[in-house]
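Numbered according to my numbering, the sequence shown spans residues 82 to 174.
Backbone N, C-alpha and C define an ideal beta-carbon position, used for all residues, glycine too.
First up is the structure itself, then whatever we jot down about it.
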Amino acid sequence: ISSELWQQLGNNNFIEESGWPEWDEEMLKTSEIQIVVQVNGKLRGKIKASTDSGKDEIIAIAREEDNVFKFLQDKEVLKEIFVPNKLINFVVK
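Right, dumping it as structure tokens:
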């Protein structure tokens, strides 16, 4: 059946003689990633950022997220835990 379908798709050679598909690493790369934002270990939001964004830029975007801003407002940020391309966790007091 597969040989008949192969020929119906317009290929002149046999499917058994054709090569395997080539792997293209560039097709898997994305230009934007989703990063989880936590405050004291609890999920407070998700942001989208460019894959080539730096740590400081991503943290600034995370602080501006409405739900995150609400939990950071009037509190002291003791620590910022940043795991590249995965998450940001703000430890507040």
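#1: Need the endpoints of the alpha helix (DSSP H) that N148 sits in, please.
#2: Determine the direct distance from the alpha carbon of T111 to that of K174, and round the result to whole angstroms.
#3: DSSP on K174, reduced to helix/strand/coil?
#4: Assuming I128 and E113 form a contact by the criterion Cβ under 8 Å, report the distance between their Cβ atoms to the nearest whole angstrom.
#5: Expressed to the nearest angstrom, what Euclidean distance is found between the alpha-carbon atoms of K130 and V117?
Short version:
#1: Reading the sequence shown from its first residue, position 67 is the one you call residue 148. From DSSP, the alpha helix (DSSP H) with N148 extends over D147 to L153.
#2: Residue mapping note: residue 174 aligns to position 93 of the sequence shown, counting from 1. Residue mapping note: residue 111 aligns to position 30 of the sequence shown, counting from 1. Spanning the two alpha carbons is a distance of roughly 36 Å.
#3: Here residue 174 refers to the residue found at position 93 when the sequence shown is read from its first residue. K174: coil per DSSP, three-state reduction.
#4: Indexing the sequence shown from 1 puts residue 128 at position 47. Indexing the sequence shown from 1 puts residue 113 at position 32. Actually they are not in contact, since the Cβ atoms of I128 and E113 sit about 10 Å apart, beyond 8 Å.
#5: Position 49 of the sequence shown holds residue 130. Position 36 of the sequence shown holds residue 117. Going by the sequence as given, residue 130 is Ala instead of Lys. One C-alpha to the other measures close to 11 Å.
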